[in-house]
């Protein structure tokens with residue numbers, strides 16, 4: 020009985036919270052609408068409301084809509100007749116001015132005034148600036164139907180601005196607007212409180228027992244949807260974007276997606292093995308930043324006066340490029356070995372040890388970049404063209420230009436697939452990830468397997484860092500920021516289980532490409548970058564949730 024009463028009370032709280040939040044949102048919209056009417060941004064609008072004498076211009080009537088402007092001004096308590104007269108006059112003026120800017124309209128008017136002005140001679144009229152401007156003004160005067168003094172008043176928008184100045188201070192007396200923000204947050208607090216109550220309450224509900232055998236066909240469909248739910252959802256998003264913007268799937272965009280997915284896809288190939296071991300790696304991004312900085316310092320143009328190493332007077336090209344490549348790999352392997360040793364021998368959780376090495380790598384990268392002879396922490400740039408051609412070049416197949424980094428990604432994916440599926444290391448990796456104790460009992464050297472998987476990850480990180488330096492052409496202290504989230508996202512989207520012992524390389528490759536396609540699609544649609552972070556975070560949560568659900572179903 021108490022639980023039922025509590026539930027009813029919290030349901031009422033939830034409803035009140037939703038109502039207050041809605042009230043707050045509509046109250047905020049009053050201010051946003053006022054800013055739009057004044058043709059101002061939200062930051063400056065309050066200044067105009069508090070001191071209307073500073074208001075010297077307002078929004079275009081025809082852009083906003085004459086009826087909306089009238090409704091807004093009348094809502095401020097202004098005289099309806101004055102509002103209608105001022106808004107209609109300004110709307111006519113704006114329409115006349117817009118007509119004077121239209122070529123076909125002005126050609127027809129000019130021909131009516133002077134029959135010698137035709138399609139062929141119109142260009143000469145436009146070149147005669149003084150005559151053309153006067154003709155545009157005559158057209159506008161004729162359309163508005165006022166004398167020059169009244170036209171000048173309309174041009175300055177005097178009448179409408181005076182109405183705004185008279186009315187906008189009254190907005191401060193609108194309690195709906197002034198109380199909107201506190202009320203909205205009270206509503207949010209109530210919604211969160213009620214939501215938390217019902218979420219906790221749901222944990223005490225016992226699942227209903229299955230009363231009859233499941234239909235095998237339904238079971239197969241359910242399993243298929245569960246296994247491929249994320250691919251289906253992301254695929255539908257891409258289809259919708261393609262419908263909204265048909266040119267999204269142009270060949271150039273597809274190649275851009277593959278190019279951007281390649282370096283992060285290589286990171287994902289390394290990270291995937293660690294997640295198969297039921298671990299993770301939070302240091303990926305910062306390790307890439309340090310490795311890329313080492314690469315960048317070795318491949319700067321020999322003619323660049325502010326290069327990191329002035330004593331390098333010959334460009335790194337040809338076989339010499341193996342030096343920065345192996346240096347990048349060495350740095351990444353060093354950190355991966357620290358991570359591997361911490362997990363395999365010290366039995367630290369991968370989350371903790373990689374969090375530590377993430378900070379170490381970031382600090383080391385900042386120190387390395389600050390150690391430039393110039394004494395500044397400027398980004399390392401101006402790379403030798405030979406390096407850029409090898410690491411970020413492209414080749415033609417017919418009329419299609421294929422980035423070489425896509426080929427590198429494909430080759431590395433094949434190599435890692437062979438290691439995972441055709442070698443003892445791959446079999447041992449899945450065994451350790453599936454059940455560490457059982458693997459040890461069956462004779463698998465668990466510590467060695469873990470170290471080898473971390474070694475492979477380090478090698479791949481190093482290669483990716485080498486290629487990424489060429490792709491972005493400038494390496495600074497923030498290079499690699501949040502790359503670990505992209506790599507881990509690609510892995511989990513690709514079906515590698517955080518529970519360990521499950522995953523495929525083809526899934527990781529597809530996951531990296533689909534995730535990059537989603538990011539590219541959001542950018543293509545002009546979605547706010549901060550909203551993109553939210554969407555990517557939701558994708559990670561959804562991917563892991565589906566993975567956990569599959570694990571529960573299997574159990």
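Numbering (the working numbering), first residue to last: 20 to 574. Just so you know, even glycine gets a beta-carbon here, dropped at the ideal spot from N, CA and C.
Only buried fits residue 89, as 16 or more other CB atoms lie within 10 angstroms of its CB. In the three-state reduction of the DSSP assignment, residue 355 falls in the helix class.
Look at residue 99 here: in three-state DSSP terms it is helix. In the structure shown, the three-state DSSP call for residue 509 is helix.
Taken atom to atom, the span from the alpha-carbon of residue 326 to that of residue 343 is near 15 Å. For residue 331, no beta strand (DSSP E) segment is defined, and its DSSP state is neither H nor E. About 47 Å separates the beta carbon of residue 145 from that of residue 47, a gap too long to meet the 8 Å contact definition. Using a Cβ-Cβ distance cut-off of 8 Å, the stretch 486-502 and the stretch 526-538 are not in contact, since fewer than three pairs of beta carbons, one from each stretch, lie closer than that value. The beta carbon of residue 115 sits closer than 6 Å to the beta carbons of 159, 162 and 163 from its chain, once the five residues preceding and following it are set aside; these are given in chain order. Taken atom to atom, the span from the alpha-carbon of residue 135 to that of residue 149 is near 18 Å. Cα atoms of residue 508 and residue 95: separation of roughly 51 Å, rounded to the nearest angstrom. A distance below 8 Å separates the beta carbons of residue 477 and residue 352. In the DSSP assignment, the residues bridged to residue 319 are 402. DSSP places residue 422 in the uninterrupted beta strand (DSSP E) bounded by 419-422. Within the same chain, and ignoring the five residues on either side of residue 316 in sequence, the residues whose Cβ sits closer than 7 Å to its Cβ are 327, 328 and 399. By the neighbour-count criterion, in which a residue is buried when 16 or more other Cβ atoms sit within 10 angstroms of its Cβ, residue 63 is exposed. With a 10 Å radius around the Cβ and a threshold of 16 neighbouring Cβ atoms, residue 82 comes out exposed.
Between the alpha carbons of residue 429 and residue 410 lies a distance of about 14 Å. A Cβ-Cβ separation of about 4 Å places residue 347 in contact with residue 481 under the 8 Å criterion. For residue 267, there is no enclosing alpha helix (DSSP H), as DSSP marks it with neither H nor E. Out of 38, 168, 303 and 180, the CA that lies nearest to the CA of residue 210 is found in 38. By the neighbour-count criterion, in which 16 or more other beta carbons inside 10 Å mark a residue as buried, residue 310 falls on the buried side. Where residue 170 is concerned, the enclosing alpha helix (DSSP H) starts and stops at 167-175. With the rule of 3 Cβ pairs closer than 8 Å, the stretch 416-433 does not count as touching the stretch 514-521. According to DSSP, residue 416 shares a beta bridge with 419. Residues of the same chain with a CB within less than 8 Å of the CB of residue 380, apart from the 5 flanking positions on each side, are 302, 305, 306, 308, 309 and 354 in chain order. In terms of CA proximity to residue 510, 530 leads the group 530, 183 and 25. Excluding the 5 residues flanking it on each side, residue 268 has same chain C-beta neighbours closer than 6 Å at 261, in chain order.
Rounded to the nearest angstrom, the gap between the Cα atoms of residue 107 and residue 180 is 14 Å.
Between the alpha carbons of residue 130 and residue 79 lies a distance of about 30 Å.
Taking one beta carbon from each stretch, the stretch 280-300 and the stretch 463-473 have 3 or more pairs nearer than 8 Å; the two touch. Counting along the chain, no alpha helix (DSSP H) covers residue 368, and no H or E run does either. The residues 458 and 463, in chain order, have a CB closer than 6 Å to that of residue 450 in the same chain once the five nearest residues on each side in sequence are set aside. Cβ atoms of residue 320 and residue 401 come within 8 Å of each other, at about 5 Å. The beta carbons of residue 154 and residue 40 sit no closer together than 8 Å.
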